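Take the sequence shown: its letter number 331 is residue 940 in our numbering, and every next letter is one higher.
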Amino acid sequence: MAEDKTSTQATPPSKVWWCDLRTHGKTSRPQMLERLCRKAGLADMDLANKFVAIKMHFGEPGNLSFLRPNYARVVADLVREAGGKPFLTDCNTLYVGERKNALDHLDAATANGFGPLTTGCQVIIADGLKGTDDVEVPVAGGVHVQNAKIGRAIMDADVFISLTHFKGHDQTGFGGALKNIGMGCGSRAGKMEQHAAGKPHVDQDRCIGCMACASACAHGAISHRTERPRLASIDQSKCVGCGHCMGVCNQDAIVPNDEAATQILGERIAEYSKAVCDGRPCFHVSLVIEVSPNCDCWELNDSPMVPDIGFFASYDPVALDQACVDAVNSAPTNPLSILADEEHAHPDDPRIHDHLHMANPNTSWEATLEHAEKIGHGTRKYELIKV
Numbered sequence: 610m611a612e613d614k615t616s617t618q619a620t621p622p623s624k625v626w627w628c629d630l631r632t633h634g635k636t637s638r639p640q641m642l643e644r645l646c647r648k649a650g651l652a653d654m655d656l657a658n659k660f661v662a663i664k665m666h667f668g669e670p671g672n673l674s675f676l677r678p679n680y681a682r683v684v685a686d687l688v689r690e691a692g693g694k695p696f697l698t699d700c701n702t703l704y705v706g707e708r709k710n711a712l713d714h715l716d717a718a719t720a721n722g723f724g725p726l727t728t729g730c731q732v733i734i735a736d737g738l739k740g741t742d743d744v745e746v747p748v749a750g751g752v753h754v755q756n757a758k759i760g761r762a763i764m765d766a767d768v769f770i771s772l773t774h775f776k777g778h779d780q781t782g783f784g785g786a787l788k789n790i791g792m793g794c795g796s797r798a799g800k801m802e803q804h805a806a807g808k809p810h811v812d813q814d815r816c817i818g819c820m821a822c823a824s825a826c827a828h829g830a831i832s833h834r835t836e837r838p839r840l841a842s843i844d845q846s847k848c849v850g851c852g853h854c855m856g857v858c859n860q861d862a863i864v865p866n867d868e869a870a871t872q873i874l875g876e877r878i879a880e881y882s883k884a885v886c887d888g889r890p891c892f893h894v895s896l897v898i899e900v901s902p903n904c905d906c907w908e909l910n911d912s913p914m915v916p917d918i919g920f921f922a923s924y925d926p927v928a929l930d931q932a933c934v935d936a937v938n939s940a941p942t943n944p945l946s947i948l949a950d951e952e953h954a955h956p957d958d959p960r961i962h963d964h965l966h967m968a969n970p971n972t973s974w975e976a977t978l979e980h981a982e983k984i985g986h987g988t989r990k991y992e993l994i995k996v
């Protein structure tokens with residue numbers, strides 16, 4: 610595992626605290642996480658009477674690699690101990706699944722064990738019932754995004770904490786703190802802006818002509834045929850890409866246009882993450898355990914690519930992600946994983962030792978980190994401090 614990142618640039622390295630998972634017969638994993646967060650300074654933050662958003666992923670039902678509620682309880686208890694008012698939060702999904710509106714999302718969270726009794730705090734879906742309750746937040750230095758569409762409850766919080774399950778990802782190479790923050794805090798319209806190269810269109814095989822989308826459109830961009838079935842269509846010249854029509858469509862008939870290139874996707878995630886974090890106290894924790902090759906948004910999880918490594922924490926999400934990437938890429942391969950299959954199938958790939966690339970060969974995980982550093986969201990240089 611790399612101990613630090615050095616560079617000739619003047620920017621000093623950020624501190625990243627970490628602990629391995631050896632119990633030595635006396636320390637549980639929740640106790641390890643508590644000790645890490647204390648050493649990294651979470652309990653020393655000014656949290657008294659502050660609303661504290663703890664952003665995490667509640668897991669798509671069927672997937673069992675998401676972070677257990679026990680870990681959320683540790684962070685919430687530390688916030689309460691410091692006088693803060695914690696709440697767990699996430700935003701609704703863009704894709705069809707069991708977390709695309711607040712009611713289903715809360716049901717999914719409950720099914721996976723998240724609630725006041727298990728975590729010690731409430732669960733709030735940040736972008737509201739249909740994923741349309743957002744605020745536009747300026748992106749300082751943004752190249753692709755000038756105003757990010759972030760779930761309102763997240764921006765209403767005084768302090769922001771990310772609690773992340775580090776894993777692989779089929780589009781961005783890895784899902785770490787930046788993705789948990791950037792993509793995760795985007796409303797449905799914000800997720801569309803990050804994912805799509807264009808505005809939405811109507812899948813007319815799914816449309817039933819209910820006209821709910823036209824009622825929700827403030828720009829007169831949606832019309833319906835006069836004859837039955839009264840299928841909808843979107844005038845791309847009038848559409849502003851707000852995504853409200855997607856939120857009200859119960860048939861999932863309104864879908865994004867072409868997917869953005871993976872590099873642009875990663876860069877947009879970095880810009881959204883910066884919008885969420887700028888201007889207020891933030892703290893970030895990543896658990897590098899059950900490192901599945903794909904996101905917890907999947908309704909299943911494949912065998913971990915590498916053994917469980919440990920817990921990491923930092924005030925800098927860029928340095929944190931880089932440290933987690935380095936830890937995963939230096940770990941031994943799980944011989945029963947897709948990573949081992951890919952390495953066997955492509956022994957001549959020049960990036961054979963880049964586990965995240967080999968697990969998802971069409972991705973480039975560097976794009977998100979390079980852009981995040983470029984726009985001033987943090988540094989990839991880090992000093993690794995063992996707890």
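The beta carbon of each residue, even a glycine, is placed where N, CA and C say it ideally should be. For clarity, every value in this text was computed on a predicted model and none was experimentally measured.
Residues bridged to Tyr991 (per DSSP): Ser623
Beta-carbon proximity list for Cys822, same chain, < 7 Å, skipping 5 on both sides: Ile831, Ala841, Cys854, Val857, Cys858, Ile863
Please report the straight-line C-alpha distance between Lys808 and Lys800, rounded to a whole angstrom. 12 Å
Which residues does DSSP pair with Gln731 in a beta bridge? Phe696
Is it true that the CB of Phe667 sits closer than 9 Å to the CB of Phe723? yes
From Gln780, Ser796, His774, residue whose alpha carbon lies closest to that of Ala786: His774
Around the Cβ of Val849, are there at least 16 other Cβ atoms within 10 angstroms (buried) or fewer (exposed)? exposed
Ile663 in three-state terms, based on DSSP: strand
For the candidate residues Glu876, Asn971, Val915, whose alpha-carbon lies nearest to that of Val927? Glu876
When we look at the beta-carbon of Asp629 and count the other beta-carbons within 10 Å, is it buried (16 or more) or exposed? exposed
When the Cα of Cys816 is compared with those of Glu899, Asp861, Gln845, which residue comes out closest? Asp861
Reducing DSSP to helix, strand and coil, say where Lys800 ends up. helix
Identify whether His955 lies in helix, strand or coil by the three-state DSSP scheme. coil
Check whether Gly891 and Phe696 have beta carbons under 9 Å apart: Looking at the sequence itself, residue 891 is Cys, so the reference to Gly does not match. No; because the gap between Cβ atoms is not below 9 Å, this pair is not in contact.
Does the segment 894–914 come close enough to the segment 664–680 to have 3 or more Cβ pairs within less than 8 Å? yes
Does the Cβ of Gly987 have 16 or more other Cβ atoms within 10 Å, making it buried, or fewer, making it exposed? buried
Proximity to Tyr680 [Cα-Cα], best of Lys664, Arg837, Met764: Lys664
Give the straight-line distance between the Cα atoms of Thr698 and Cys794, rounded to the nearest whole angstrom. 9 Å
Expressed to the nearest angstrom, what Euclidean distance is found between the alpha-carbon atoms of Val684 and Cys646? 8 Å
Of all the options Thr781, Cys851, Leu929, which has the alpha carbon lying nearest to the alpha carbon of Thr977? Thr781
Which same chain residues end up closer than 8 Å to Pro916 when comparing Cβ atoms and leaving out the 5 residues on each side of it in sequence? Ala940, Pro941, Asn943
On a CA-only basis, which of Arg677, Asp765, Leu703, Ala762 is nearest Asn866? Give me that one, please. Leu703
For Lys758, list the residues DSSP reports as bridge partners. Glu745
Sorted by chain position, which residues of the same chain lie with C-beta nearer than 6 Å to Thr741's C-beta, five sequence neighbours on each side aside? His853, Gly856
Which same chain residues end up closer than 7 Å to Ile583 when comparing Cβ atoms and leaving out the 5 residues on each side of it in sequence? What is shown of the chain runs 610 to 996, which leaves residue 583 out entirely.
Nearest to Gly985 (by Cα), restricted to the options Thr728, Thr727, Tyr881: Tyr881
Continuous alpha helix (DSSP H) stretch holding Lys983: start and end: 975–983
Proximal residues to Arg989 (C-beta, below 7 Å), its chain only, five neighbours per side dropped: Lys614, Val927, Ala928, Gln931, Leu978, Glu982
Which same chain residues, not among the five before or five after Thr620, have their C-beta less than 7 Å away from its C-beta? Thr988, Lys990
Please go through the segment 905–956 and give each complete alpha helix (DSSP H) segment of 4 or more residues, from N-terminal end onward. 926–938, 947–954
What is the residue span of the beta strand (DSSP E) that Leu896 lies within? 891–897
With a threshold of 7 Å on Cβ separation, who are the neighbours of Val688 within its own chain once the five nearest residues in sequence on each side are excluded? Leu656, Val661, Pro695
Where do the ends of the alpha helix (DSSP H) carrying Ser882 lie? 871–886
In the DSSP assignment, find the unbroken alpha helix (DSSP H) run with Ile790 in it and report its ends. 786–794
Leaving aside the five residues before and after Ser616 along the sequence, list all residues of the same chain whose C-beta is less than 7 Å from its C-beta, in chain order. With a pLDDT of only 43 at Ser616, under the threshold of 50, the placement of this residue in the model should not be trusted; the figure read from the coordinates follows. Excluding residues within five positions, the ones whose Cβ falls inside 7 Å are Lys990.
Per DSSP, what kind of secondary structure is His986 in: helix, strand or coil? coil
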